[in-house]
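Only one structure is covered here, and it is reproduced in the block below.
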Amino acid sequence: MRPMPTPDDSGYLDSVRGQVPLYDALQDAAIEAVPFEPVRVLELGVGTGETASRLLNRFPDARVTGLDSDPDMLFKAREIVDEVSLARMEDPLPDGPWDLVLSVLSVHRLTDEQKQSLFRRVRQQSKALVIGDFVSLGDDLGETRVSGRAYPDTAANLARWCDGEVVWSDDDLVVIVADYR
Ligand SMILES: C[S@@+](CC[C@H](N)C(=O)[O-])C[C@H]1O[C@@H](n2cnc3c(N)ncnc32)[C@H](O)[C@@H]1O
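Residues 16 to 196, numbered by my numbering, are exactly what the sequence shown covers, in order.
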């Protein structure tokens, strides 16, 4: 029996909601965009497991592997997902096949080339991809909202690179879904 997700006590949620006022709307839109009931799910940049927790509320039978490069974030996510993978999105992905690869507020950390490489690898072993993220609106908005190194692209480029479509957007946030079935 899966343990009930516990409330986040790391301070992450307060902090990210302060930085991204539409955080909850973005999460809801990403989960809403999942095109079919997935079983095997890989979340890239799982963080403390907030997105995974919402996915599991909607699809309780899903089995989620959470990948993240930050061991402190993964420590919390361990309570929520079935497996954790301490790894970078730039490196080979955990073995699929996956029904769904999901990533929220993480892919903007990759350069254009890294994103395109990631999307090619995802497509080889996943039936669907859902991305929720910052995008560039053609000015510096994306860069000023994100601390640290970040490479937000336009929504059009992201959608083209993963062969997906934009299904939700608000301000500089989008959700893109690619259904490869
Ligand atoms: C803002 S959190 C998003 C967590 C969750 N999806 C959410 O929406 O709340 C982004 C996560 O991506 C991870 N991350 C950033 N760059 C990464 C990379 N290159 N490879 C793997 N994880 C990465 C960070 O460690 C962080 O936990």
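Cβ atoms here follow ideal geometry from the backbone N, Cα and C, with glycine treated the same way.
This structure is a prediction, so every number in the text was calculated from the model and none was measured.
Tell me the rounded alpha-carbon separation between residue i and residue j.
| i | j | result |
| --- | --- | --- |
| residue 175 | residue 112 | 23 Å |
| residue 191 | residue 147 | 6 Å |
| residue 179 | residue 83 | 23 Å |
| residue 87 | residue 63 | 8 Å |
Throw me the rounded Cβ distance for the residue i and residue j pair, which I believe falls under 8 Å.
| i | j | result |
| --- | --- | --- |
| residue 81 | residue 102 | Contact doesn't hold; Cβ gap of about 10 Å is too wide. |
| residue 169 | residue 184 | Between residue 184 and residue 169 the Cβ distance is about 11 Å, and since that is not below 8 Å, they are no contact. |
| residue 119 | residue 37 | Residue 119 to residue 37, Cβ: 12 Å. No contact. |
With distances taken Cα to Cα, identify the nearest neighbour of residue i among the options.
| i | options | result |
| --- | --- | --- |
| residue 97 | 120, 87 and 61 | 61 |
| residue 2 | 52, 104, 65 and 124 | Because residue 2 is not part of the residues shown, which for the chain are 16 to 196, the question remains open. |
| residue 195 | 31, 51 and 26 | 51 |
| residue 171 | 141, 132 and 149 | 149 |
| residue 128 | 70, 173, 48 and 143 | 173 |
| residue 85 | 189, 110, 104 and 134 | 104 |
Any beta-carbon of chain D closer than 9 Å to the one on residue i?
| i | result |
| --- | --- |
| residue 112 | The chain inventory of the structure shown lacks chain D, comprising one protein chain alone. |
Which residues does DSSP pair with residue i in a beta bridge?
| i | result |
| --- | --- |
| residue 149 | 188 |
| residue 80 | 57 and 98 |
| residue 116 | 57 and 144 |
The region 98 to 117 / the region 43 to 59 touching (three or more Cβ pairs under 8 Å): yes
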